[in-house]
Structure formats: structure tokens, C-alpha cells
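Some notes on the structure that comes next.
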Amino acid sequence: LSTIISFVRGERVEHWRQAFTKKHYIGGKWTFATVDDFWKELDKIFVDPNLAKTAQAWLEHCYMGNRPAVEFFQDFKELVDLAGFKTTDPHVLDILQRNTRANIVQTIYASGNEPKDYDEWKVR
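Using the numbering used here, you'd call the opening residue of the sequence shown number 1 and step up by one each time.
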């Protein structure tokens with residue numbers, strides 16, 4: 001468990017690591033009955049309890065910008081999944097159209113062959 005704690009990285013981690021160790025490492029032993037208890041304690045600290053809501057907010061701001069389409073669609077799909085949505089949901093397609101580069105959307109609309117679902121948007 002000490003090795004795992006040593007790999008936790010991020011801003012202000014050292015203060016957290018000291019406090020966590022002081023609370024759970026007593027007399028040269030970790031106080032967790034099982035490794036699973038240890039992971040549950042870490043989850044309480046590091047896992048977003050509102051992950052779906054957070055992903056929904058991020059999805060609204062997941063813009064294509066100048067990055068490659070492959071990267072955009074990977075990020076977009078990951079957020080769709082985390083938010084608990086499906087790529088077939090009409091509101092997901094609406095967000096996709098709004099967040100894809102405007103010139104790409106305009107070219108697709110001008111072609112007269114508008115994609116009907118997520119997979120068609122991804123191919124185009």
C-alpha cells in the first residue's frame with residue numbers, strides 16, 4: 001500500500017499524503033482490513049461522485065476546434081459514455097453538430113446528404 005501511495009501525483013498531494021498516512025498508517029502498519037478497503041477509501045477521495053453530471057457538462061464544451069476528427073470523436077464518445085448517454089440520443093447528435101467545426105458542418109449540409117446518426121457523422 002505504501003508503494004501505491006508513493007505513486008499518487010498531483011497538485012497539493014504531499015499534504016494529503018502526509019495526512020492520509022498519519023490517519024491510516026499506525027504503528028508501522030496500515031489500518032485497512034483488506035486491500036479493497038484501501039481502494040474504497042481512495043475512491044471516496046478521488047472519484048467524482050457526480051461523474052455523469054460532470055461528463056454532461058464537459059460534453060457541452062467538447063469542441064472539435066483544430067484537432068483531428070479522430071481525436072475529437074474519441075473524446076466525444078468517451079464523454080457520451082461517462083454521461084450515461086447513447087450516441088443515438090437526439091440531444092447527443094445536436095451537441096455533436098454544434099461542437100463540430102462550423103466549416104465541416106456547412107460543407108455536409110451543402111452536400112444535401114445530411115448524416116442521420118452518429119456513425120454517419122463520424123464517417124463524414
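Every residue gets a Cβ at the ideal spot worked out from N, C-alpha and C, and that includes glycine.
Original post:
Which residues share a DSSP beta bridge with Tyr25?
Top reply: Trp30
**OP:** Could you tell me if Thr34 is buried or exposed, where buried requires 16 or more neighbouring beta carbons within 10 angstroms of its beta carbon?
**Re:** exposed
Original post:
If we call anything under 7 Å between Cβ atoms a contact, is Leu96 one with Leu79?
Top reply: no
Original post:
Is Val80 helix, strand or coil by DSSP?
Top reply: helix
Original post:
Got a sec? Which residues, its chain only, sit under 8 Å from Thr21 by beta carbon, not counting five neighbours each side?
Top reply: Ile5
Original post:
What is the DSSP secondary structure of Glu114, counted as helix, strand or coil?
Top reply: coil
Original post:
Buried or exposed: which applies to Ala55, given that a residue is buried once 16 or more other Cβ atoms fall within 10 Å of its Cβ?
Top reply: buried
**OP:** Could I get the ranges of all uninterrupted beta strand (DSSP E) runs contained in the stretch 51 to 80, with 3 residues as the minimum, in chain order?
**Re:** none
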